[in-house]
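Structure first, then comments.
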Amino acid sequence: MRVRFAPSPTGYLHIGGARTALFNYLYAKSTGGKLLLRIDDTDPVRSKKEFEEDIILQLKVLGINWDEGPDIEIKNSQGKVQSYRQSERLKLYQAVAEKLLSQGSAYIDPDDQSIRLKYQQDEVTFNDKIYGTVSFPVPSLGPEPVIMKADGRATYHLGSVVDDLDMEISDVIRGQDHLTNTAKHVLILNALGEKLPNFAHLPLILGSDGSKLSKRAEKDPVLVRDFIKQGYLPEAINNFLALLGWSHPENKETFTIDEAAQVFSLDRIHKAGAIFDRNKLNWFNEKYFKSADTSKIYSYLKTYESNNELKLKDFTDEEIKTFQTEYNSISEIGTFFDEIFNEDFTTDPEKINEIEGDNGEKKELLKTFYNFIKDLPTEDGSSCYSKEQFTKICNTIKNSLKLSPKLLWQTLRTAIIGRPSGPDLKSIIPLIKRDILIHRISKHI
Ligand code: GLU
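See below:
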């Protein structure tokens, strides 16, 4: 089996494209076949290097790996390095266009000198592994398609057919929105007298309101890079994508892509539109976040930090374990720490009044705390108090003022990080610079 993911680099990798790539990957893995990455950059105006780079990067981030592609040197039988970019394969398309012209299956449009396919059948039929027998009356496909522009560039239709033949693609797996393209491709293949590959069209991805997902782009993220930037874990994205149109034979919900590859088959793909349910993605994300190794969370936090131009700090294993119980996602940690490390972050005195207990006691606590730390250097000379030193300070104050531990912690926490609950304050203090701490408390006295 040889399958391909053939994106046009006219935009960043969309979640729908990632689903197509993943299904091709799963199919290749489940059959012991090969996955090719082909860059369909026949449109010189809309194709951009930046988009190609993003597609390659995001696929790598997701762990969807290919066996052949533009970044891998593969030599053909004549020892020549194969190209996996359509813009570098024009000669091949020109030769096939010539052939179609000479045999009368194509003609030159007198208006613009482009080459068009000549319709020679009334109906076109092919078998689809998901949709079964698919037929179109040929006139319903619209005007005879341009296969080559007047400037000698192939269009997507010709490039796709010629490359799938040349690259010996056995199964063409792509979105359902390509069904009518496939009909045109079958006409080209018929004209060339070539055998058809297997076709499998994946169901459309719909938003939760049933509209087409791509139409909702402005409101919610649909680009893989945005999900990654927001700290979604690749494992969660993959698990979620695998279920967009396919179901596990044991109806399992949670599985890795390797596990999916072991049981993947096209016959478990359904025809009905697959609903892109963000809550479900969040659910997967939380699940993978909670169960990931600390080293993994650590590296995802680093990625999150650089993607969002943040400067967090090097968290210890212990801190990360705390985060995994206190938070639900990488972005919650990132947002929270970005906020609390920010010098301009202010906490609302009203929030302190909302805490259960005597307001006078709370005020006294904050004053005492402020006076205690304003001239107290850190024991180890670093810019933050250690957990131990902070615990000592709090115990001293608690004993001298005879406060309930609850009032003490809730008040300090609200004054320092703006929330009465959340992660253990003792593990946060070593991350907040002492001068920021003093400044923050000063606003409450
Ligand atoms: N390059 C086309 C696209 O990105 C489709 C590729 C294909 O034939 O699968 O939509």
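Going left to right, the sequence shown walks through residues 32 to 476 as our numbering numbers them.
Yeah, the Cβ is synthetic: ideal placement off N, Cα and C, and Gly gets one too.
All values reported here derive from a predicted model rather than from experimental measurement.
Give the straight-line distance between the Cα atoms of residue i and residue j, rounded to the nearest whole angstrom.
{"i": "Leu93", "j": "Phe258", "result": "11 Å"}
{"i": "Leu189", "j": "Glu104", "result": "24 Å"}
{"i": "Pro461", "j": "Phe295", "result": "48 Å"}
{"i": "Asn359", "j": "Asn316", "result": "8 Å"}
{"i": "Gly238", "j": "Asp308", "result": "7 Å"}
{"i": "Ser171", "j": "Ile161", "result": "22 Å"}
{"i": "Leu274", "j": "Ile448", "result": "39 Å"}
{"i": "Lys260", "j": "Leu88", "result": "13 Å"}
{"i": "Tyr124", "j": "Lys60", "result": "30 Å"}
{"i": "Thr62", "j": "Asn338", "result": "36 Å"}
{"i": "Tyr138", "j": "Asp153", "result": "18 Å"}
{"i": "Leu90", "j": "Gly42", "result": "14 Å"}
{"i": "Gln293", "j": "Glu175", "result": "42 Å"}
{"i": "Thr285", "j": "Ile361", "result": "19 Å"}
{"i": "Tyr335", "j": "Glu410", "result": "32 Å"}
{"i": "Asn384", "j": "Lys429", "result": "19 Å"}
{"i": "Gln109", "j": "Ala126", "result": "18 Å"}
{"i": "Asp142", "j": "Ile300", "result": "44 Å"}
{"i": "Val76", "j": "His279", "result": "41 Å"}
{"i": "Gly391", "j": "Pro380", "result": "13 Å"}
{"i": "Phe495", "j": "Lys382", "result": "Since the first residue shown for the chain is 32 and the last is 476, residue 495 is missing from the structure and cannot be characterised."}
{"i": "Arg184", "j": "Gly135", "result": "20 Å"}
{"i": "Gly48", "j": "Asn402", "result": "59 Å"}
Looking at residue i: is its Cβ nearer than 8 Å to the Cβ of residue j?
{"i": "Leu264", "j": "Phe346", "result": "no"}
{"i": "Ile236", "j": "Ala305", "result": "yes"}
{"i": "Arg120", "j": "Asp194", "result": "yes"}
{"i": "Ile404", "j": "Ile469", "result": "yes"}
{"i": "Thr73", "j": "Leu233", "result": "no"}
{"i": "Pro40", "j": "Ile86", "result": "yes"}
{"i": "Met32", "j": "Asp289", "result": "no"}
{"i": "Leu439", "j": "Leu407", "result": "no"}
{"i": "His216", "j": "Val253", "result": "no"}
{"i": "Asn269", "j": "Leu53", "result": "yes"}
{"i": "Thr427", "j": "Lys393", "result": "no"}
{"i": "Cys415", "j": "Arg471", "result": "no"}
{"i": "Ala231", "j": "Asp159", "result": "yes"}
{"i": "Phe354", "j": "Pro454", "result": "yes"}
{"i": "Leu210", "j": "Leu220", "result": "no"}
So, with DSSP's three-state summary, where would you put residue i?
{"i": "Ile105", "result": "coil"}
{"i": "Glu419", "result": "helix"}
{"i": "Val92", "result": "helix"}
{"i": "Glu76", "result": "Reading off the sequence shown, one finds Val at residue 76, where the question assumed Glu. Residue state, collapsed to three classes: coil."}
{"i": "Trp97", "result": "coil"}
{"i": "Tyr162", "result": "coil"}
{"i": "Arg184", "result": "coil"}
{"i": "Ala323", "result": "coil"}
{"i": "Ile351", "result": "helix"}
{"i": "Ile139", "result": "strand"}
{"i": "Ile476", "result": "coil"}
{"i": "Ile469", "result": "helix"}
{"i": "Ile259", "result": "helix"}
{"i": "Ile386", "result": "coil"}
{"i": "Arg450", "result": "coil"}
{"i": "Pro380", "result": "helix"}
{"i": "Lys311", "result": "helix"}
{"i": "Ile463", "result": "coil"}
{"i": "Glu374", "result": "coil"}
List the residues that DSSP assigns as beta-bridge partners of residue i.
{"i": "Lys65", "result": "Arg33"}
{"i": "Phe167", "result": "Val155"}
{"i": "Gly206", "result": "Leu233"}
{"i": "Lys243", "result": "Leu237"}
{"i": "Arg45", "result": "It is His, not Arg, that sits at residue 45 in the sequence shown. His45 is bridged to Leu254."}
{"i": "Val112", "result": "Lys106"}
{"i": "Met198", "result": "DSSP lists no partner for Met198."}
{"i": "Arg299", "result": "In DSSP, Arg299 forms no bridge with anything."}
{"i": "Val177", "result": "Arg147"}
{"i": "Ala305", "result": "Ile236"}
{"i": "Trp277", "result": "Ile300"}
{"i": "Ile70", "result": "Arg116"}
Leaving aside the five residues before and after residue i along the sequence, list all residues of the same chain whose C-beta is less than 7 Å from its C-beta, in chain order.
{"i": "Thr325", "result": "Asp348, Ile351 and Lys352"}
{"i": "Ile467", "result": "Glu374"}
{"i": "Lys180", "result": "Ser145 and Thr186"}
{"i": "Asp197", "result": "Leu123"}
Only counting the same chain, and skipping five residues up and downstream in sequence, which positions put a Cβ closer than 8 Å to that of residue i?
{"i": "Asn55", "result": "Val34, Arg35, Phe36, Leu66 and Ile204"}
{"i": "Ser435", "result": "Gly388"}
{"i": "Tyr187", "result": "Ser39, Asp71, Thr73, Asp74 and Asn212"}
{"i": "Asp298", "result": "Lys160"}
{"i": "Glu357", "result": "Gly453, Pro454 and Asp455"}
Grab me the residues of residue i's own chain with a C-beta within less than 6 Å of its C-beta, minus the 5 sequence neighbours each way, in chain order.
{"i": "Glu99", "result": "Leu67 and Ile105"}
{"i": "Thr378", "result": "Ala446 and Gly449"}
{"i": "Asp140", "result": "Arg147"}
8 Å is my cut-off, CB to CB: does residue i come that close to chain C?
{"i": "Gly365", "result": "Judged by its chain identifiers, the structure shown contains no chain C, having just a single protein chain."}
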